[in-house]
Each structure stands twice: as C-alpha cells, then as structure tokens.
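Protein chains: 2
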Amino acid sequence: MSSSSLPARGTRDFLPDDVRRREYVVRLVRDVYERYGFEPLETPAFENLETLTGKYGEEGNRLIFKILKRGEHEASGAADLALRYDLTVPLARVAAQYQSTLPKFFKRYQIQPVWRADRPARGRFREFYQCDIDALGSTSLVVEAELLAAAAEVLTRLGFADFELRLNHREALTAMLEAVGIPPERHADALVALDKLDKVGIDRVAAELRERGVAAEASDAWMEWLGGLRRDRPDPEGALARLRSLVAGRPAGEAAVAALERVVALSAGGPADGRIRIDPSLARGLSYYTGAIMEAAVPDLAGSLGGGGRYDNLIGMFLGRPIPACGFSLGLERILVVMAERGMFPAAAARGAAEVMVALWDEASAADALALARDLRASGLRVDVYPEPDRPGKQFKYAALRQYDVVLLAGEDERREGTVTIKNMRTGQQVIVPRARAAEAAGAQLTQTGKDVE
Amino acid sequence: MSSSSLPARGTRDFLPDDVRRREYVVRLVRDVYERYGFEPLETPAFENLETLTGKYGEEGNRLIFKILKRGEHEASGAADLALRYDLTVPLARVAAQYQSTLPKFFKRYQIQPVWRADRPARGRFREFYQCDIDALGSTSLVVEAELLAAAAEVLTRLGFADFELRLNHREALTAMLEAVGIPPERHADALVALDKLDKVGIDRVAAELRERGVAAEASDAWMEWLGGLRRDRPDPEGALARLRSLVAGRPAGEAAVAALERVVALSAGGPADGRIRIDPSLARGLSYYTGAIMEAAVPDLAGSLGGGGRYDNLIGMFLGRPIPACGFSLGLERILVVMAERGMFPAAAARGAAEVMVALWDEASAADALALARDLRASGLRVDVYPEPDRPGKQFKYAALRQYDVVLLAGEDERREGTVTIKNMRTGQQVIVPRARAAEAAGAQLTQTGKDVE
Numbered sequence: 001m002s003s004s005s006l007p008a009r010g011t012r013d014f015l016p017d018d019v020r021r022r023e024y025v026v027r028l029v030r031d032v033y034e035r036y037g038f039e040p041l042e043t044p045a046f047e048n049l050e051t052l053t054g055k056y057g058e059e060g061n062r063l064i065f066k067i068l069k070r071g072e073h074e075a076s077g078a079a080d081l082a083l084r085y086d087l088t089v090p091l092a093r094v095a096a097q098y099q100s101t102l103p104k105f106f107k108r109y110q111i112q113p114v115w116r117a118d119r120p121a122r123g124r125f126r127e128f129y130q131c132d133i134d135a136l137g138s139t140s141l142v143v144e145a146e147l148l149a150a151a152a153e154v155l156t157r158l159g160f161a162d163f164e165l166r167l168n169h170r171e172a173l174t175a176m177l178e179a180v181g182i183p184p185e186r187h188a189d190a191l192v193a194l195d196k197l198d199k200v201g202i203d204r205v206a207a208e209l210r211e212r213g214v215a216a217e218a219s220d221a222w223m224e225w226l227g228g229l230r231r232d233r234p235d236p237e238g239a240l241a242r243l244r245s246l247v248a249g250r251p252a253g254e255a256a257v258a259a260l261e262r263v264v265a266l267s268a269g270g271p272a273d274g275r276i277r278i279d280p281s282l283a284r285g286l287s288y289y290t291g292a293i294m295e296a297a298v299p300d301l302a303g304s305l306g307g308g309g310r311y312d313n314l315i316g317m318f319l320g321r322p323i324p325a326c327g328f329s330l331g332l333e334r335i336l337v338v339m340a341e342r343g344m345f346p347a348a349a350a351r352g353a354a355e356v357m358v359a360l361w362d363e364a365s366a367a368d369a370l371a372l373a374r375d376l377r378a379s380g381l382r383v384d385v386y387p388e389p390d391r392p393g394k395q396f397k398y399a400a401l402r403q404y405d406v407v408l409l410a411g412e413d414e415r416r417e418g419t420v421t422i423k424n425m426r427t428g429q430q431v432i433v434p435r436a437r438a439a440e441a442a443g444a445q446l447t448q449t450g451k452d453v454e
Numbered sequence: 001m002s003s004s005s006l007p008a009r010g011t012r013d014f015l016p017d018d019v020r021r022r023e024y025v026v027r028l029v030r031d032v033y034e035r036y037g038f039e040p041l042e043t044p045a046f047e048n049l050e051t052l053t054g055k056y057g058e059e060g061n062r063l064i065f066k067i068l069k070r071g072e073h074e075a076s077g078a079a080d081l082a083l084r085y086d087l088t089v090p091l092a093r094v095a096a097q098y099q100s101t102l103p104k105f106f107k108r109y110q111i112q113p114v115w116r117a118d119r120p121a122r123g124r125f126r127e128f129y130q131c132d133i134d135a136l137g138s139t140s141l142v143v144e145a146e147l148l149a150a151a152a153e154v155l156t157r158l159g160f161a162d163f164e165l166r167l168n169h170r171e172a173l174t175a176m177l178e179a180v181g182i183p184p185e186r187h188a189d190a191l192v193a194l195d196k197l198d199k200v201g202i203d204r205v206a207a208e209l210r211e212r213g214v215a216a217e218a219s220d221a222w223m224e225w226l227g228g229l230r231r232d233r234p235d236p237e238g239a240l241a242r243l244r245s246l247v248a249g250r251p252a253g254e255a256a257v258a259a260l261e262r263v264v265a266l267s268a269g270g271p272a273d274g275r276i277r278i279d280p281s282l283a284r285g286l287s288y289y290t291g292a293i294m295e296a297a298v299p300d301l302a303g304s305l306g307g308g309g310r311y312d313n314l315i316g317m318f319l320g321r322p323i324p325a326c327g328f329s330l331g332l333e334r335i336l337v338v339m340a341e342r343g344m345f346p347a348a349a350a351r352g353a354a355e356v357m358v359a360l361w362d363e364a365s366a367a368d369a370l371a372l373a374r375d376l377r378a379s380g381l382r383v384d385v386y387p388e389p390d391r392p393g394k395q396f397k398y399a400a401l402r403q404y405d406v407v408l409l410a411g412e413d414e415r416r417e418g419t420v421t422i423k424n425m426r427t428g429q430q431v432i433v434p435r436a437r438a439a440e441a442a443g444a445q446l447t448q449t450g451k452d453v454e
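Chains as they are written, first to last, in my numbering: chain A, 1 to 454; chain B, 1 to 454.
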C-alpha cells in the first residue's frame with residue numbers, strides 16, 4: 001500500500017462504528033449544554049494568521065499549522081492563514097466582530113476540531129475535538145458554578161462514576177507563593193514546575209524549583225505544605241481552611257479563598273456536589289487565567305478530561321476593553337479513550353448500518369424490492385437493499401456479516417402469491433406474510449430481537 | 001475594528017441562529033441517508049499533499065490549500081499537507097486502507113466541510129459543507145435509483161416542491177457527439193462548452209464550439225437537436241425516445257440509453273418519480289464520471305443543489321484495481337441559501353437559546369435560583385440563569401430581548417412563603433405557584449405560549 005493511502009500523521013479516519021460512538025457523546029454533551037442555556041457557535045477552520053499568532057505563547061506559536069498563500073504568492077512560501085489552534089481565540093474574535101448584536105451575557109458552546117502540530121502520542125492527536133462552553137459578560141461566581149454543574153452533568157450522564165472536579169484560583173496560587181516565601185519574579189517558574197506535579201511527583205518538582213532558582217527554604221516550605229494538603233482530598237472544607245490560614249493577611253488571596261468557598265456553596269445539591277476537590281496544586285498551563293481554574297479528572301487517565309477557568313482579559317483583546325469571561329472545555333478524544341477502555345458505550349451507540357435488508361431475487365423484481373424498501377423506510381426502519389441479483393445463500397451470508405437483524409425476500413413463489421418471506425437473523429426463523437403486512441411484520445421481528453425501532 | 005477581528009476571506013462565522021438552521025438541515029439529511037442504509041464516515045481535515053495532488057485536474061490543483069511543513073522545515077516554505085478539497089478522494093483512500101474490513105458494498109455518507117481557494121462570490125465560499133453519499137462495490141443500476149431516491153427524499157422533506165433531477169449518461173454523451181459528427185479529439189472541448197449551456201445559452205455555446213475547432217455543420221446539427229429536445233422537459237419517455245433514435249447503431253450509446261430508461265423505471269413510485277428529467281445537455285464538470293450523471297436543481301438557483309454520478313475508476317486508484325462506485329453530493333450552503341430566500345425553515349429551526357430564564361434576586365438567593373434552574377432542567381427545559389443580582393425590571397427586559405418565553409423569580413416575599421412568581425413573557429401575565437410545583441407550572445405556561453417542550 002502506498003503511503004498516500006494513509007491519513008496524515010497524527011490524524012485518524014473515523015469508520016462508521018467510531019463515528020457512532022463519537023456522535024453518541026457529542027449529542028449528549030450538546031443536550032446538556034443547551035439545557036444550561038448555552039447557544040451553538042461555529043467558526044471557520046482557518047483564521048487569518050495574525051489573528052492566531054502571539055496568542056498561545058512561544059510553545060503554542062510553534063504548534064500552529066500555517067497555510068500557504070495561494071496564487072502567484074505560492075512560490076514565495078509565505079503563509080497568510082492558519083488552522084484554528086483552540087476555540088477560545090476565535091470566540092474572542094467573534095465577540096469583537098459581533099459586539100453590537102450579541103447578548104450582554106453571551107453563553108456559547110462550540111464543538112469543533114482544533115489542530116496542533118504536536119508530536120503524536122497515545123491519546124494525543126494533531127486533529128482533535130474540543131467541546132467548549134464559555135460565558136461572557138459577568139464576573140459573578142454563578143458562572144463558575146454553572147460551568148462546573150454542566151461539566152459534571154455531562155460526565156455523570158455519560159456514566160463516569162468516579163470523576164472529580166479539581167478547583168483552584170490564580171490569586172490563591174499567587175498568595176500561596178508569597179506566603180511560602182517565593183519572590184514574585186520566580187512565580188512564573190514556580191507555576192511551570194508545579195504544573196508537572198501529577199506527572200513527576202513532589203520530589204522532582206522540588207528539584208526543578210531549585211534548578212529554576214527558587215531558594216531551598218521556600219521550596220521545602222511549599223512542598224511540605226502541599227504534601228500535607230493532598231491528604232485532605234475528599235474534604236473541600238478542610239482544604240479551604242488550610243488554604244485560608246496560609247494566605248491570611250493577603251487580601252487578594254483571602255478574596256480568592258472566599259470565591260472558592262462560594263463556588264462550592266453554589267454547587268451544593270447539584271451535579272458537582274461531592275465532586276469538587278479544592279486543589280491548591282492545580283496550576284493549569286495557560287497564562288491567561290485570572291480567577292478560578294478547574295479541571296475534570298478520573299483516576300485512570302493521566303491528564304484531564306477537561307478544564308477551564310476565568311480569563312477576564314482575553315476576550316476583549318480584539319476590542320481594546322476587558323470583557324469578563326469564564327469557560328470550560330471537555331476533551332472529546334480523552335473522554336472517548338476512557339469510555340472505550342471501560343466499555344461505557346450503551347448498545348444504542350454501537351448499532352449497525354441498518355436493521356433490515358431487502359434481498360434481490362432477480363433483475364425483474366428489482367423495482368418491487370425497492371418498493372418494499374420504501375415501505376419499510378416509511379415505517380421508520382433503516383433499510384439496506386442488496387444491490388444486485390445473487391444466490392439467496394450469499395445474500396443471507398452478507399446480511400449475517402453486516403449484523404442485520406431481519407432479511408426480507410420475495411422470490412418467484414412469494415411474488416406470485418403476493419407474499420414476502422421474513423427471516424429473523426437472530427433466531428434463524430422464517431415467516432411468510434402478505435406483502436401488505438411486510439413492514440409491520442418486519443417491525444415485530446425487530447421487537448422480538450430486542451432492538452428498538454426509532 | 002482591526003482586520004484581525006474578521007474571519008478569513010471566503011469563510012463565515014455561524015452565529016447561534018445560523019447553526020440551528022444548519023443543524024436542522026444536517027439532521028434531516030443524516031436521518032434520510034441512514035434510512036437508506038448508508039453509514040457515517042469522517043476523515044481528517046487535511047491529507048498528505050501527495051494524496052490530493054493530481055486528482056482534480058489543473059484547475060482543482062490550483063485551488064488546494066497547502067499547509068507548511070512544521071519545525072525546522074518551516075523556513076523552507078515547503079508544504080507537506082493539504083486541506084481536503086472534496087470528500088471523494090478521502091473515500092478512495094479509506095477504501096484502500098481498510099479494504100479488508102469494509103463490507104463488499106460499502107455505503108457511506110459523509111457530511112463535512114471542504115476547502116477550496118476559489119474566488120469568493122455570492123453563495124461561493126472557501127469553506128463549505130458537502131453531504132455525500134456513495135455506494136461502492138456494485139455496478140447495478142439499483143444503486144443509481146437508490147441515490148436519486150435518497151436525494152429526492154431529502155429535498156422533499158425539506159419542503160422543496162419544485163426540484164428536478166437531471167439525468168444523463170457519459171456514454172450517451174459520447175454517442176451523441178459521434179452521431180452529430182464531432183470527432184473524438186474534439187469531445188473534451190465539446191463537453192467543456194456544453195457544461196456552460198445553462199449559464200450562457202445555446203448561441204454562446206455554439207460560438208465557443210466553433211472557437212474550439214468544431215466544424216459548423218456538426219455544431220449546428222447538435223445545437224438544433226438539443227434545442228428541439230429541451231422542449232420535452234416533463235417527459236422522460238419522449239426524451240429517451242429522441243436520444244435512442246439519435247444514438248441508434250452505436251452499442252455503447254444504446255446501452256447508456258437503456259441504463260437511463262432502467263433508472264427511470266426503478267424510480268417509479270418512489271420519491272424521485274416525476275422528478276427525473278432526461279437531459280442530454282447535462283455534462284457535469286468532473287472528468288472522472290463513467291456512467292450515469294445526475295444533478296438536482298430548482299428554477300431560482302443558477303447551478304445545482306447537488307449532483308453526482310457513477311465513477312468506476314476513481315475509488316480504486318490507491319489500490320491499483322477498479323472498484324465500481326456511484327455517488328451523490330448535496331451542497332449544504334446552496335440548500336440553505338434557497339431555503340432562507342424562500343422562508344422554508346420551520347419554527348423549530350429558529351428556536352432561541354432557552355425557553356426559561358431564572359432571575360436572580362440577590363446574592364443570598366443565588367443558590368436557590370440555581371436549585372430552581374436544576375429542577376426546570378431536569379424536567380427537560382432549556383434554562384438560562386441571569387448571572388448576577390440586578391433590578392427585576394432590567395432582568396425582565398433582558399429576558400424579553402432574548403425572547404425567552406417564561407421568567408421565574410423568587411424575591412423576598414416568595415422565598416418567605418415558599419413560592420415562585422412565573423411571568424409569561426408572551427402574555428405579560430404573572431402567576432404565583434408553590435416552589436414545589438414551579439417546574440410543572442413553567443411547563444404549562446410554555447404549552448400555553450404554543451411552544452413544545454422537548
């Protein structure tokens with residue numbers, strides 16, 4: 001097989017079973033997002049290059065796929081377009097362009113692929129879908145609570161019984177770093193090191209902190225405090241109390257802890273209740289967050305199922321004035337990986353191409369076979385027609401291979417007598433029914449095989 | 001506004017109302033395609049450059065968006081990837097890569113965007129969606145009939161009452177050109193000129209034929225024959241008879257006419273019945289067609305709503321052996337343009353963000369407001385929560401602007417008494433109900449306003 005029959009590196013084809021599983025998750029995500037009052041938005045796959053450059057930091061810039069100028073400029077090798085790197089910068093652009101028509105509190109969801117020229121690895125692709133919700137225009141913590149509730153409801157309805165929602169706050173991080181004695185000019189370094197805690201463990205983080213010039217005393221104090229805290233996992237009140245006492249006397253830090261407390265209180269009784277873990281070690285990579293930061297995680301997946309936070313300065317960047325915003329992004333690929341490993345897909349997500357096949361006796365009866373298929377489709381069934389005359393045995397074998405539930409065949413005898421033979425592929429049993437009752441009888445066979453007719 | 005707040009040239013943002021209209025059409029298309037036994041396939045947005053180059057002719061090659069190599073090669077300006085130009089070449093690649101696992105008669109649908117660096121114009125974009133169905137593996141004309149039926153059923157269910165399905169055959173075209181005396185070496189030129197007939201009229205086609213070196217006698221004979229035929233519009237039998245007599249004695253042409261006749265016969269009684277117009281002037285641009293060619297059109301749209309045909313040599317190109325195939329592609333953007341101009345969208349496609357808004361009295365009652373929203377959502381409603389305390393008048397005004405149907409508010413009095421005020425935004429009437437009955441009562445208000453609850 002030539003290399004040109006392979007998809008590009010880091011991308012995948014989704015065959016029918018894959019698409020059905022993806023669609024099952026996307027439909028559920030969309031349904032929950034809509035119940036929470038979010039509206040759909042879609043943006044183009046590519047943007048003007050200048051819209052994306054400089055928005056994702058040095059590392060992000062490097063991962064942007066750039067598109068060559070067309071026409072006479074092609075030979076120059078210059079790029080003027082770039083593939084969408086995330087769904088947040090396009091949202092900021094939309095917020096600027098349609099500022100006069102969008103509602104004051106614009107709540108949008110967007111479920112589309114993004115592209116990053118990352119090194120492909122297990123579960124990491126160059127094309128992957130994000131399922132984002134963002135609420136613009138309000139600084140109220142009701143927004144954070146609603147986002148967490150929506151994410152929790154999605155994961156609960158998908159069948160995740162063991163997820164947790166890690167919650168932290170950028171200002172709490174800053175106050176914490178101040179409290180353990182790390183000077184402001186080392187904060188960015190400290191957060192980069194902290195971001196790796198889950199992957200590399202506390203000792204390696206401590207080592208990196210020292211390499212990055214953080215004094216041993218401050219680093220040790222911080223690691224000891226974090227180590228003590230991580231034993232508090234299931235108890236947001238306990239973690240909040242420890243955090244509150246650490247940042248005491250630092251107004252921004254105290255306000256951040258109060259905000260976290262408020263988000264926990266607003267989540268009581270809802271889908272996020274009992275799921276939230278206050279996690280002062282949660283850093284989130286992106287530098288644009290300004291308030292609460294959050295992440296959804298399950299024990300058997302390194303990394304997160306999704307994450308987000310408040311970013312009050314990004315959305316207004318194309319407008320020149322700040323617009324408060326808070327968002328959460330679920331990673332479709334990671335959700336699918338865990339669901340596949342755990343066998344979490346319901347039977348409905350695995351249904352085959354069709355329930356019914358109409359066999360083709362001979363050329364002369366083809367029009368009758370198509371008319372039969374029409375009746376079956378009109379009754380709501382998904383129906384394949386064997387496209388050419390062939391031995392009945394071969395046609396039944398094909399239907400078995402395709403896992404069709406029922407096959408209808410009108411041979412010479414049946415056509416003369418105005419009947420149709422219906423074979424139940426699960427039981428192997430055959431019945432002969434009048435042609436006029438064929439659709440009804442096929443539906444009854446499907447009910448017998450335990451399949452729902454839509 | 002800086003240019004960076006605009007989407008890239010030839011692309012569009014889809015705001016919530018746009019997405020809902022698009023989704024309405026896509027859902028219906030998908031439903032019909034599935035009833036016909038087609039299965040979903042999705043392929044990556046970009047392919048290896050070599051997979052796409054040389055597949056679309058000189059003009060097509062020029063319109064492919066190429067993606068720069070990443071990393072150290074970026075400075076070279078070389079491209080190694082390209083955005084999908086259509087959904088057919090990716091299907092051919094998939095057919096090669098998964099040949100051992102795909103069914104013998106692989107019937108797939110694919111609804112995804114494609115990208116072409118075309119000059120943008122009214123209704124012509126650089127990013128647009130195609131809704132393709134293709135059936136691989138059979139040369140039976142049952143396939144053509146099923147494709148036409150599926151396309152006709154989509155258009156009928158969308159509400160198009162006046163579409164026609166233009167049908168021709170590549171071999172009939174060849175025999176026709178032979179019959180009027182155009183030599184084989186002029187056939188390609190003749191078809192290029194013919195392809196413009198709808199746009200420029202018969203006189204301009206005749207002029208172009210002469211410019212392209214077709215003898216006046218042959219050109220005149222052909223144009224006269226076509227002119228006579230175009231009066232036969234509603235009558236496939238008449239057109240078939242004329243075509244049959246023109247190509248008489250040319251076996252390939254006679255077989256082609258018989259095939260067209262067979263497709264018409266197989267369509268009797270189905271959704272395509274009465275829609276098919278045998279149109280010997282239909283050429284279709286792409287050179288890869290080998291058999292039937294077809295197009296769906298409405299009178300008020302220049303160009304087609306979709307088209308397709310049989311192409312028995314393309315799918316096997318990555319395999320080195322021919323695989324018969326026939327496909328039909330509906331153009332989502334064109335369907336949407338006509339539906340918008342004619343006002344064909346049902347109310348369900350224009351529903352707003354949410355049916356219900358929960359107002360927020362003060363910070364202290366925020367948790368109760370979220371609990372109320374939770375109950376409403378659990379009963380199936382789409383619910384927005386006003387995110388911050390504000391004057392009730394302002395909140396009601398916001399709800400009116402957003403066209404929400406019902407607003408629920410629990411102020412101090414209501415909370416003391418365990419009740420909720422429900423305001424019907426259509427009638428302006430307010431009722432006070434016990435908190436425990438709030439969801440039920442809100443649902444009842446929605447029924448009154450004539451909206452269905454999902």
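Ideal Cβ placement from N, Cα and C applies to all residues, glycine included.
Based on Cα-Cα distance, which residue from A:L381, A:W115, A:A444, A:G291 lies nearest to A:A256?
-> Of the candidates A:L381, A:W115, A:A444, A:G291, the one whose C-alpha sits nearest the C-alpha of A:A256 is A:G291.
Keeping to the same chain, check which residues put their C-beta closer than 7 Å to that of A:S219; ignore five residues upstream and five downstream.
-> Counting only residues of its own chain and dropping the five nearest sequence neighbours on each side, A:S219 has a CB closer than 7 Å to the CB of A206, L209, R210.
Does DSSP put A:F455 in a helix, in a strand, or in coil?
-> Outside the displayed span of chain A (1 to 454) sits residue 455 of chain A, for which this structure offers no information.
What does A:E211 reach in chain B if we use C-beta pairs closer than 8 Å?
-> Result: empty, since nearest Cβ-Cβ is about 26 Å, beyond 8 Å.
Any beta-carbon of chain B closer than 8 Å to the one on A:P16?
-> For A:P16, the answer is yes, since a Cβ of chain B falls inside 8 Å of its Cβ.
From what residue to what residue does the beta strand (DSSP E) around B:L83 run?
-> B:L83 -> beta strand (DSSP E) spans 79-83.
Close beta carbons around A:P10, own chain, < 6 Å, minus the five adjacent residues each side = The residue asked about is misnamed: residue 10 of chain A is Gly in this sequence, not Pro. P120, F125, R126.
Chain B contacts made by the segment 251-274 of chain A, where a contact means CB separation under 7 Å | Flagged, chain order: A265, L266, A268, G269, G270.
Is B:D462 helix, strand or coil when you go by DSSP?
-> Past the boundaries of the shown model lies residue 462 of chain B; chain B is included only from 1 to 454, so the question cannot be answered.
Would you mind telling me which residues of chain B sit closer than 9 Å to A:Q97, beta carbon to beta carbon, in chain order?
-> For a Cβ distance threshold of 9 Å, residue set M1, S5, L6, P7, D13 of chain B lies close to A:Q97, ordered along the chain.
Stretch-stretch touch, CB-based, cutoff 8 Å, three pairs: the segment 339-359 of chain B with the segment 406-423 of chain B | Three or more beta-carbon pairs separated by less than 8 Å link the segment 339-359 of chain B to the segment 406-423 of chain B, which places the two stretches in contact.
Terminal residues of the continuous alpha helix (DSSP H) containing B:K199?
-> Secondary structure note for B:K199: its alpha helix (DSSP H) is the uninterrupted segment 197-200.
Can you tell me which of A:R212, A:I202, A:L155 puts its alpha carbon nearest to the alpha carbon of A:E224?
-> The shortest Cα separation from A:E224 among A:R212, A:I202, A:L155 belongs to A:I202.
Report the rounded CA-to-CA distance for A:Q430 versus A:V420, giving the unit in angstroms.
-> So the alpha carbons of these two residues sit roughly 10 Å apart.
4-residue-minimum alpha helix (DSSP H) runs that sit fully inside the segment 412-437 of chain A, ordered along the chain | As far as the segment 412-437 of chain A is concerned, its whole alpha helix (DSSP H) runs of at least 4 residues are 412-417.
Are there three or more Cβ pairs, one per stretch, closer than 8 Å when the segment 268-287 of chain B is compared with the segment 166-178 of chain B?
-> They touch, by the three-pair rule.
Where does the unbroken alpha helix (DSSP H) through B:V214 begin, and where does it stop?
-> No alpha helix (DSSP H) holds B:V214; DSSP gives it neither H nor E.
Would you mind reading off the limits of the beta strand (DSSP E) that contains B:V383?
-> That run of the beta strand (DSSP E) goes 383-385.
Quick one: list the residues of chain B neighbouring A:T156, beta-carbon separation under 8 Å, in chain order.
-> Residues of chain B whose Cβ lies closer than 8 Å to the Cβ of A:T156 do not exist; the shortest such Cβ separation is about 12 Å.
Determine the closest residue to A:G142 out of B:A371, B:A441, B:G418, with distance taken between C-alpha atoms.
-> The residue asked about is misnamed: residue 142 of chain A is Val in this sequence, not Gly. The shortest Cα separation from A:V142 among B:A371, B:A441, B:G418 belongs to B:A371.
Just tell me which of A:D189, A:D390, A:M339, A:A45 has its CA closest to the CA of A:L81.
-> Out of A:D189, A:D390, A:M339, A:A45, A:A45 has the C-alpha closest to the C-alpha of A:L81.
Which residues in the same chain as A:P271 place their Cβ atom closer than 6 Å to its Cβ, once the five residues preceding and following it in sequence are excluded?
-> Its chain contains A149, A152, E153, T156 as the residues whose beta carbon lies nearer than 6 Å to that of A:P271, once the 5 sequence neighbours on both sides are disregarded; these appear in chain order.
Start-end ranges of the alpha helix (DSSP H) lying completely within the segment 104-170 of chain B, minimum 4 residues | Here the runs fully enclosed are 141-158.
Going straight from the alpha carbon of B:L175 to that of A:Y398, what length do you get?
-> Residue identity differs from the one stated: residue 175 of chain B is Ala in this sequence, not Leu. Answer to the nearest angstrom: the Cα atoms are 38 Å apart.
State the DSSP-derived secondary structure class of A:N61, mapped to helix, strand or coil.
-> Helix, per DSSP.
With DSSP collapsed to three states, give me the class of A:S329.
-> In the displayed model, A:S329 falls within a strand according to three-state DSSP.
Can you find a heavy atom of the ligand SAH that lies under 7 Å from the Cβ of B:P322?
-> Judged by which ligands are present, the structure shown has none, so any question about the ligand SAH falls away.
Whole-angstrom distance between B:V180 and B:R96, CA atom to CA atom = In the sequence under discussion, the amino acid at residue 96 of chain B is Ala, which differs from the Arg named in the question. Cα to Cα, the separation comes out at about 41 Å.
Taking only beta-carbon atoms, is A:R374 less than 8 Å away from chain B?
-> So, interface residue.
B:S237 at chain A interface by Cβ criterion, 8 Å = One detail in the question is off: residue 237 of chain B reads as Glu in this sequence, not Ser. Closer than 8 Å: no.
From the beta carbon of A:L81, is the nearest beta carbon of chain B less than 8 Å away?
-> Residue-level contact check: A:L81 touches chain B, since one or more beta carbons of chain B fall below 8 Å from its beta carbon.
Taking the alpha-carbon positions, what's the A:V19 to B:S5 distance?
-> The straight-line gap separating the alpha-carbon atoms of A:V19 and B:S5 is approximately 33 Å.
In its own chain, which residues sit with a C-beta less than 8 Å from the C-beta of B:E146, not counting the 5 before and 5 after it?
-> Short of 8 Å from the beta carbon of B:E146, and not among the five residues preceding or following it, lie these beta carbons of its own chain, in chain order: Y36, A135.
Residue-chain proximity (B:G201, chain A), Cβ-Cβ < 8 Å | So no, B:G201 is outside the interface.
So, is the C-beta of A:I67 closer than 8 Å to a C-beta in chain B?
-> So, interface residue.
Alpha carbon to alpha carbon, how far is B:S365 from B:P387? Give it in angstroms, no decimals.
-> Those two C-alpha atoms are separated by around 12 Å.
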